[in-house]
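Chains X and B are the protein sequences, given in the same order. All residue numbers for the first sequence refer to our numbering, where the first residue is 96 and numbers rise by one. All residue numbers for the second sequence refer to our numbering, where the first residue is 54 and numbers rise by one. Beta carbons: idealized from backbone N, C-alpha and C, even for Gly. Read through the structure below, which is laid out as structure tokens, and then see the notes.
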Amino acid sequence: MTEPVRVDVENVSLSFGASKVLDNINVTIEPGEFFALLGPSGCGKSTLLRLIAGFNRAQSGRVCVAGEDITAVPPWKRNVGMVFQSYALWPHMSVAQNVAFGLEEKRLPRDAVRRGVAKALELVDLTGLADRKPGQISGGQQQRVALARTLAIEPRVLLLDEPLSNLDAKLRHHMRRELVALQRRLGITTIFVTHDQEEALTTADRLAVMDRGVIQQVGDPMELFDAPSSRFVAEFIGSINLVRGSLQERDGASALFSSGAGVFSLPLPEGAPSRGEITLAFRPHALELALPQQSGDPARAWIPAQIGEREFLGEFIRYRMRAGNAELLADVPHRKGEPGFPNGANVMAGIDPTQVRVFST
Amino acid sequence: MGLAIAAFLGVFLIAPILTVIYVAFADGAGGFTLSHFASFFQITLMRESFFNSLYVAGVTVLVTSLIGVPLAYFTVRFRFRGAAIIQTLGVLPLIMPAFVGASAMQLLFGRSGSLNLILLDAFDLSIPLMDGLNGVIFVESLHYFPFILLNLSVALANIDTAMEEAAQNLGSSGWRLFRRVVFPLALPGYIAGASLVFIKVFDDLGTPLILNVTNMLAPQAYLRVTSIGIDDPIGYVICVLLVLFSVGAMAGSSWFLKGHDFATLQRGGAAGLRRQLTPWQALMAYSLVIALLLLVLSPHLGLLLLSLSRVWSYSVLPDAYTLANYSAVFRDSTRMMLNTLAYCGGAALLDVVLGTAIAYLVLRTRLPGRQWLDHLSTVALAMPGVVLGIGYLRSFRDVELPFGMGPLLGSGLIFVLAYSVRRLPYALRSCNAALSQVHLSMEEAAQNLGASRGRTILRVVVPMMMGGILAGFVTSFITAAGEISETILLTSRESLAPMSYGVYLYMQSIAGRGPGAALGVLAVILVGLGTYLSNRLVIARQASMERR
């Protein structure tokens, strides 16, 4: 296998007519990294991927692979392998012919092609299906063939465009783990496009969250989950409670916060503003619920709430609650023998201040 | 209902064909013999005709491919203004049959035609474009290349662009990309178009006759039957060969497509992006389009010029212009125009009634053997006009119409029957498509509200199918109006002749070419007008349906 390479995207902007699809994108993917591009549909993530493959042309900026500017190189000379969302297996060729295609285009001698095909099919565990046509194999197998076809040419970079979206849930989880294992084994720099945050968090070394053609934040999964830099990122990755309000007065580390959900005092993290309009952001599992007459953990900020509806999800119960005029989500771990709170129950919700993030407005 | 349709198809489609086949293999004493085939291949002229027909059909497929394939690729894959014009060319063969333009082509490209006169003058050189078989190939190629263009364009446009991008991503580009991925994926469209071209050319009678080329199969069948006699077995042997090759080409293409998995697996990915042409490519593309446009329109322009000319021979353009040809046609040939309207209108009406009934029986009932009605009527697609014409002459030669209206073969009814049987597949296809778009719940709702099956068909199904029925009517009408093979055979006297026969008859003499061209122009206008009006009607109906 060749040495892993770095990918640099520098100042890339692209518009289709009047609409800006990519707006001054700057991102570096380190050698051997599994990097995810995550965002809602239409955010420009696929466009960015296609740009790296050479199917879209940027109006400005450049793309470098291994430090070499490939902006003007046509797709067929980039050696940047892409697995398409639809797999794009050619139905008139057998599995082996599909996989052989790229090697033949490199004008390799016949036995080298044969060895390459065998190796690639073995890599994805499909050796027995070489003579089948794409129409005769299952969706999961088609996906592996597409992967083998791309890996056969030993590309410098592997691009995956929503590779798991056409599989059913069970297969998707399985393929996800296999994909990660394969990537680790090959050590190939991989860029993965997905709109599924769970998929991105579980597979990627690092990811970039995109919205409306702009990269919102780049970081490793935990960093993005725990320390989102914007409300968009916070809302896009996982579920989150957002409570708007104003800081009344600050006393040392603690501050008095007044909001639609109630007035309460809580310690604020360092660097948070001391006055004015802010938004508190915290995950549903940062809330603890207690009966009104119970005295809860004093380190938490407690506010009264009423349960609107509940969803039993097995590992935990998700409560949708009303606190003042704000709506809050709470995920409470479920243990055998604990029925939880019924709909309409009045409870106290305790916010863990260490799990709170503050956004100005 | 189903039985009545089956009986109709049996008598007017299957029986004449079986008669032809029977005669070709019958020894006159009720036994089976291959001796007619043996004697066919002993006649030098027949062997020559056989190979000429294969040669002409084969080379025409080649030439139409050379024109159609690059055009289809350019118009689907690149962004340039000519694309819409080229795609519109596809309707031309529907509007004017090949044989009508053939005489005009002779005057433009023949040995002493406009082009060669200019070339002779300037370079002392001439191109034998219209000599003998070349002429047939040239005329047919210009006429039929849209079949390949249109079929291939649809197929190309249906390919998921990711299929092409995947190949580029793996290092393929240019000609290799086209040869290894794009063309194989579009192969179903190409095969469909190419086999159609082969059949049409192989079976064509009008064009070779007008160009005075008789050493081909279809003209020989016609000549044997009309000059030697309806009992001469060689004509029937030719018919069997024509059927064999037509059915063979159709079966071959469908067998080929069935054996391969061509369906584009998934569609997803970006909509087909059209590439920008570089200035150099744009220049090439536009020159190609303009040259082609001139060539393709030349029969039409030539025909128009010819219809307006007083004298046109041995000169680049006509020597003098006149409208006399038109007044001559109106004076002498109104009967033919009325005949065309009556025959083709009757045939098209019969077709849509049968088409609607068959579509309903097949899609909506559990009638045993209903699929066979569909298959049976599709048989006509592979039946050459010459064969059916000869089959009619032979099968119905003694049939008298009731009420003392004389023999069937001497009445206009025979044209209506012959036209309708061969155009039924077109009408049926329209009706099938229209009916499958009517959701079953529409009918169930009507029945739920108390409408009987018959009332439901009348008040819900047929009105909702009307667009498709109308389209089927127009296609049947237009193609019947341009039919020449059956027409030449079945026209027993001039008062029965439709316009297409009139054109053919006029074109036989030098003096008749002017009026013949005028009649051709009128036919084109008639057909064009019909197409235009029905399109308007369909669009207006759709618009009013949507408003509701």
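- None of the residues of the segment 441-474 of chain B has a beta carbon lying less than 7 Å from any beta carbon of chain X.
- Contact of X/F327 with chain B is not assigned, every C-beta pair being separated by 8 Å or more.
- Here the C-alpha atom of B/P568 lies approximately 10 Å from the C-alpha atom of B/F383.
- Short of 8 Å from the beta carbon of X/S108, and not among the five residues preceding or following it, lie these beta carbons of its own chain, in chain order: K115, L117, D118, N119, I120, A153, Q154, S155 and G156.
- Residues of chain B with a Cβ closer than 8 Å to the Cβ of X/I248 are, in chain order, L223 and G224.
- Classified as buried, B/H196 has 16 or more neighbouring CB atoms from the shown chains inside 10 Å of its CB.
- Contact residues of the segment 161-190 of chain X toward chain B are P169, P170, W171, K172, R173, N174, V175, G176, M177, V178, F179, Q180, S181, Y182, A183, L184, W185, P186, H187 and M188 (C-beta to C-beta distance below 9 Å).
- The beta-carbon distance between X/T284 and X/P99, rounded to whole angstroms, is 5 Å. This is short enough to meet the 8 Å contact definition.
- With a threshold of 8 Å between beta carbons, X/E200 makes contact with chain B.
- At a cut-off of 8 Å, the C-beta of X/A394 has no neighbouring C-beta in chain B.
- Distances from the alpha-carbon of B/L549 to those of B/R423, B/S562, B/L572 and B/N392 put B/N392 closest.
- If you draw a straight line from the Cα of X/G308 to the Cα of X/S141, it is about 10 Å long.
- The segment 368-377 of chain X and the segment 424-432 of chain X do not touch, with fewer than three beta-carbon pairs separated by less than 8 Å.
- Look at X/K265 here: in three-state DSSP terms it is helix.
- Taking 8 Å as the cut-off, the beta carbon of X/V190 is found closer than this to the beta carbon of X/L224.
- Rounded to whole angstroms, the gap between the alpha carbons of B/S545 and B/L276 is 15 Å.
- In the three-state reduction of the DSSP assignment, X/P362 falls in the strand class.
- In terms of Cα proximity to B/Y243, the closest of B/L579, B/I467, B/S206 and B/A137 is B/S206.
- CA-CA distance, X/F287 to X/E406, rounds to 32 Å.
- The way I'd put it, the segment 131-140 of chain B doesn't touch the segment 274-289 of chain B; fewer than three beta-carbon pairs between them come closer than 8 Å.
- Of all residues in the segment 364-397 of chain X, none is placed with a Cβ closer than 8 Å to any Cβ belonging to chain B.
- Scanning B/S368, B/A151, B/A220 and B/A82 for the CA closest to the CA of B/S194 turns up B/A151.
- Annotation: the continuous beta strand (DSSP E) that includes X/R301 extends over R301 to D306.
- Closer than 8 Å at the C-beta level to chain X, one finds these residues of the segment 208-221 of chain B: D213, A215, M216, E218, A219, A220 and Q221.
- Going by beta carbons, X/A241 and X/G211 fall outside the 8 Å limit.
- For the C-beta of B/P237, the chain X residues within less than 7 Å are, from N- to C-terminus, H187.
- Between the segment 428-447 of chain B and the segment 485-500 of chain B there are fewer than three inter-stretch CB-CB distances shorter than 8 Å, so the stretches are not counted as touching.
- At least one CB of chain B lies nearer than 8 Å to the CB of X/A148.
- Within chain X, the residues whose beta carbon sits less than 7 Å from that of B/V234 are W185, listed in sequence order.
- Between B/L258 and B/G438, the CB-CB gap stays under 8 Å.
- With distances taken between CA atoms, B/L350 lies nearest to B/T141 out of B/T86, B/T141 and B/L416.
- Within the DSSP bridge table, the entry for X/N336 names X/F377 as partners.
- Here the alpha carbon of X/L274 sits roughly 22 Å from the alpha carbon of X/T123.
- Contact check for B/P286 against B/A77 passes: the beta carbons are separated by less than 8 Å.
- In summary, the residues of the segment 195-223 of chain X whose CB is separated from some CB of chain B by less than 8 Å are F196, G197, E200 and K201, in the order they occur in the chain.
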